[in-house]
Amino acid sequence: MNMVNPLCESETPSWSREGYTTMKRRRHSPEQIIRLLAEGEKLLGQGQNIDGVARQLEITESTWHRWRNQYGGMKADDAKRLKELNGGNF
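Residues in the sequence shown are numbered from 7 upward in steps of one, following the numbering used here.
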């Protein structure tokens with residue numbers, strides 16, 4: 007009997023075959039990020055957990071935490087100012 011170790015198969019895994027799609031990477035502007043954070047905070051206040059909020063906003067949980075650390079507490083005007091300041095420093 008010829009037994010094949012499933013971890014050593016050379017066949018392409020089922021998750022990487024045709025028909026499998028990944029999320030399209032997109033870039034969000036600081037204003038969009040702040041808007042999404044505000045929406046997420048509202049959902050958290052309504053009792054949703056972080057996993058559900060991230061899924062509804064179509065971002066990963068790690069993205070949520072990164073954005074919150076970077077942009078937490080900012081208003082849209084603050085983000086525009088930050089963008090202008092960073093844009094001028096080459």
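Don't be surprised by glycine CBs; every beta carbon is placed ideally from N, CA and C.
Exposure label - residue i; buried when at least 16 CB within 10 Å
i, result
"A60", "buried"
"G58", "exposed"
"G46", "buried"
Contact belief for residue i with residue j at Cβ below 8 Å, rounded distance in angstroms
i, j, result
"W73", "I39", "5 Å"
"G78", "L43", "7 Å"
Cutoff 7 Å; reference residue i; Cβ partners in own chain excluding five residues on either side
i, result
"T66", "A60"
8 Å CB neighbourhood of residue i in its chain, flanking five on each side removed
i, result
"K81", "I40"
"K86", "P36, E37"
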